[in-house]
Amino acid sequence: MDTAPFPNNEAVDVPQMDYTAAISQALGSFIQSKSATFACGGSVPIVSKDASSTTVPSGSTSSAPVALRWDSRDFAAGTTKLSFPLDANAAPSTILVKLVSDCQPASFGLNGADVLDESYRKATKLDRAAFSVNFCPYEVGIIDTIAQLLLPGTEHGTKGVRAELYKLNIYAAPSGFFKAHVDTPRSPMQFGSLVVSLPCHHVGGQLVVRHAGLSKTFDWGTTTALNPTSSQIQWAAFYSDCEHEVLQVTEGHRITLTYNLYHTPGVGDLAGMKTAMDVTSLPLFQYGKDALKTPGFMPQGGNLGIYCQHAYAHADYEAAKELPGTLKGSDMAVYDVFRALGLRVKVYAILAGDNNDGYEDYEDEDEDEDEGDLRCSILGELCGLQVTEEGGYDGSTLREITDAWGGQHVNVTWANEPQHLGPGLVHLTYGNQAGVDTMYSSAAIIVQIPSAGIRGAAGTQSEPITVD
Numbered sequence: 001m002d003t004a005p006f007p008n009n010e011a012v013d014v015p016q017m018d019y020t021a022a023i024s025q026a027l028g029s030f031i032q033s034k035s036a037t038f039a040c041g042g043s044v045p046i047v048s049k050d051a052s053s054t055t056v057p058s059g060s061t062s063s064a065p066v067a068l069r070w071d072s073r074d075f076a077a078g079t080t081k082l083s084f085p086l087d088a089n090a091a092p093s094t095i096l097v098k099l100v101s102d103c104q105p106a107s108f109g110l111n112g113a114d115v116l117d118e119s120y121r122k123a124t125k126l127d128r129a130a131f132s133v134n135f136c137p138y139e140v141g142i143i144d145t146i147a148q149l150l151l152p153g154t155e156h157g158t159k160g161v162r163a164e165l166y167k168l169n170i171y172a173a174p175s176g177f178f179k180a181h182v183d184t185p186r187s188p189m190q191f192g193s194l195v196v197s198l199p200c201h202h203v204g205g206q207l208v209v210r211h212a213g214l215s216k217t218f219d220w221g222t223t224t225a226l227n228p229t230s231s232q233i234q235w236a237a238f239y240s241d242c243e244h245e246v247l248q249v250t251e252g253h254r255i256t257l258t259y260n261l262y263h264t265p266g267v268g269d270l271a272g273m274k275t276a277m278d279v280t281s282l283p284l285f286q287y288g289k290d291a292l293k294t295p296g297f298m299p300q301g302g303n304l305g306i307y308c309q310h311a312y313a314h315a316d317y318e319a320a321k322e323l324p325g326t327l328k329g330s331d332m333a334v335y336d337v338f339r340a341l342g343l344r345v346k347v348y349a350i351l352a353g354d355n356n357d358g359y360e361d362y363e364d365e366d367e368d369e370d371e372g373d374l375r376c377s378i379l380g381e382l383c384g385l386q387v388t389e390e391g392g393y394d395g396s397t398l399r400e401i402t403d404a405w406g407g408q409h410v411n412v413t414w415a416n417e418p419q420h421l422g423p424g425l426v427h428l429t430y431g432n433q434a435g436v437d438t439m440y441s442s443a444a445i446i447v448q449i450p451s452a453g454i455r456g457a458a459g460t461q462s463e464p465i466t467v468d
């Protein structure tokens with residue numbers, strides 16, 4: 001086990017109200033809701049075969065230049081081809097102009113009918129049968145990321161994803177836009193949409209996704225923070241029940257591929273790995289960042305605990321070795337977000353001593369006071385079910401039994417309650433007849449939170465949370 005497991009921060013006097021309980025409970029509620037992962041996004045760099053100056057971070061994926069081919073309205077021209085990225089500094093090419101002219105006005109669904117209304121949506125499109133593209137979201141890791149992050153938040157549980165290319169859309173200056181709307185799923189198995197932005201110069205056209213009073217904006221315009229070189233493929237995925245809109249394009253052409261996302265069997269192993277996802281695109285990232293900015297949240301620092309929302313075979317030695325890579329849904333988001341915020345994060349097994357039936361049978365008045373402290377938790381490595389002969393004699397204490405498990409008694413501020421229990425420790429019991437009892441454990445993510453003074457010295461760009 002790592003030392004201690006997280007060393008205590010040096011006490012720092014902070015003249016602030018202590019909002020630790022309010023913020024940690026709000027954080028737990030946020031994580032338990034679908035709001036923590038209603039949308040995600042990222043980028044994929046484009047690298048040509050002869051490019052020697054382009055560097056891609058180790059472990060990251062990249063894409064070859066994207067070739068788009070489509071059937072021209074001018075039958076004599078046959079099939080036309082356009083390659084991305086397009087030069088952001090050059091005037092629109094004749095081929096790009098031809099692509100725009102070959103597109104049809106884009107409609108939208110209303111009461112089961114396709115409606116054309118440029119006061120609500122002004123865009124053009126190519127239907128799936130009219131074009132082909134060599135970009136594959138499976139090959140660059142986008143679909144694996146969506147499967148592991150978004151699917152656990154749906155009623156179907158953890159499965160794989162089938163991404164069906166639906167349309168190519170163009171929102172052109174000076175007035176391309178799409179007002180706020182909610183998509184109608186095309187089958188009971190559809191759970192969301194994927195939008196892929198091809199690198200073409202444009203300003204504006206931000207995709208705004210909203211869910212349960214929260215919003216996330218994806219800005220793929222040229223030279224924005226998300227796309228500084230104009231040579232990256234940008235993407236966003238979100239649930240079907242999310243309201244979303246495309247803001248007005250004021251310059252250039254916003255060209256996107258839209259995919260419908262459906263459930264299929266499958267699994268993932270991506271938490272903590274370098275994927276095509278940008279962790280900062282998760283709604284939880286800003287929420288966690290704002291909490292750290294608030295001086296009244298854990299002002300002295302300490303250990304923040306989040307019980308996993310999904311069940312894992314953490315009591316099985318072989319399966320436990322796959323964690324944290326197999327974390328999914330909001331658990332994956334919690335692990336990746338707090339790591340991205342520069343904090344120390346680890347998955348532990350938490351022995352359910354405080355809540356376990358019969359806990360009081362093993363209490364000893366001479367034991368340390370922290371056994372009676374509800375903030376004191378017993379943390380252990382993910383090493384599978386343990387069996388001990390402790391507890392089989394008169395005078396056995398809970399500490400002696402749990403010490404045989406190899407755990408440490410650590411103060412933890414919990415954001416939520418245990419969701420899933422598995423056998424953690426089997427031990428003997430003392431009485432008229434020898435017996436056996438089982439103590440259960442839960443998987444949880446433990447985050448070391450620095451003191452407010454240290455967090456303030458490091459500084460963030462977020463705003464503090466206001467607590468009424």
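Note that the UniProt record's numbering has the sequence shown beginning at 1, numbered continuously upward. Beta carbons are placed, not taken as given, at the ideal position from N, Cα and C, and that holds for glycine. As the structure is a computational prediction, the values presented were derived from the model and not from experiment.
- Collapsing the DSSP output to three states places R186 in coil.
- Looking at L304, T264, H409 and E381, the one whose alpha-carbon comes closest to that of G424 is E381.
- For V279, no pairing in a beta bridge is given by DSSP.
- Short of 6 Å from the beta carbon of Y317, and not among the five residues preceding or following it, lie these beta carbons of its own chain, in chain order: G384.
- Shown here for L165: same chain residues with a beta carbon closer than 6 Å to its own, the five before and five after excluded, namely R128 and Y259 in chain order.
- In terms of CA proximity to I143, M277 leads the group A444, M277, G302 and K321.
- Counting the other CB atoms within 10 Å of its CB gives P188 a total below 16, which places it among the exposed residues.
- Distance from the CA atom of T413 to the CA atom of K289, rounded to whole angstroms, is 17 Å.
- Going by beta carbons, A106 and T124 fall inside the 8 Å limit.
- For the pair N134 and A67, the Cα-to-Cα distance works out to about 6 Å.
- Taken atom to atom, the span from the alpha-carbon of S451 to that of G342 is near 14 Å.
- For the set A443, E245, V334 and P65, the Cα lying nearest the Cα of A352 is the one of A443.
- The three-state secondary structure of F135, taken from DSSP, is coil.
- With contacts defined by Cβ atoms closer than 8 Å, G305 and S377 form a contacting pair.
- Q148 carries a helical assignment under DSSP once its states are collapsed to helix, strand and coil.
- R73 and D102 do touch by the CB rule: their CB atoms are close to 5 Å apart, below 8 Å.
- Taking 8 Å as the cut-off, the beta carbon of G28 is found no closer than this to the beta carbon of A333.
- Fewer than three beta-carbon pairs drawn from the segment 308–315 and the segment 175–193 are found closer than 8 Å, and the two stretches are therefore not classed as touching.
- Distance from the CA atom of V426 to the CA atom of E390, rounded to whole angstroms, is 9 Å.
- If you compare the alpha carbons of F178, R339, Q206 and L168 with that of I255, the shortest gap goes to L168.
- Distance from F131 to R69 at the Cβ level is roughly 6 Å; contact confirmed, criterion being Cβ atoms closer than 8 Å.
- With distances taken between CA atoms, G109 lies nearest to R186 out of L379, R186 and R210.
- Exposure of A21 is indicated by the presence of fewer than 16 other C-beta atoms within 10 angstroms of its C-beta.
- Around the CB of I95, fewer than 16 other CB atoms lie within 10 Å, so the residue is classed as exposed.
- Per DSSP, the unbroken beta strand (DSSP E) holding R162 starts and ends at G160 to A172.
- Our two residues, T438 and L323, have alpha carbons roughly 23 Å apart in a direct line.
- Here the alpha carbon of L214 sits roughly 11 Å from the alpha carbon of H244.
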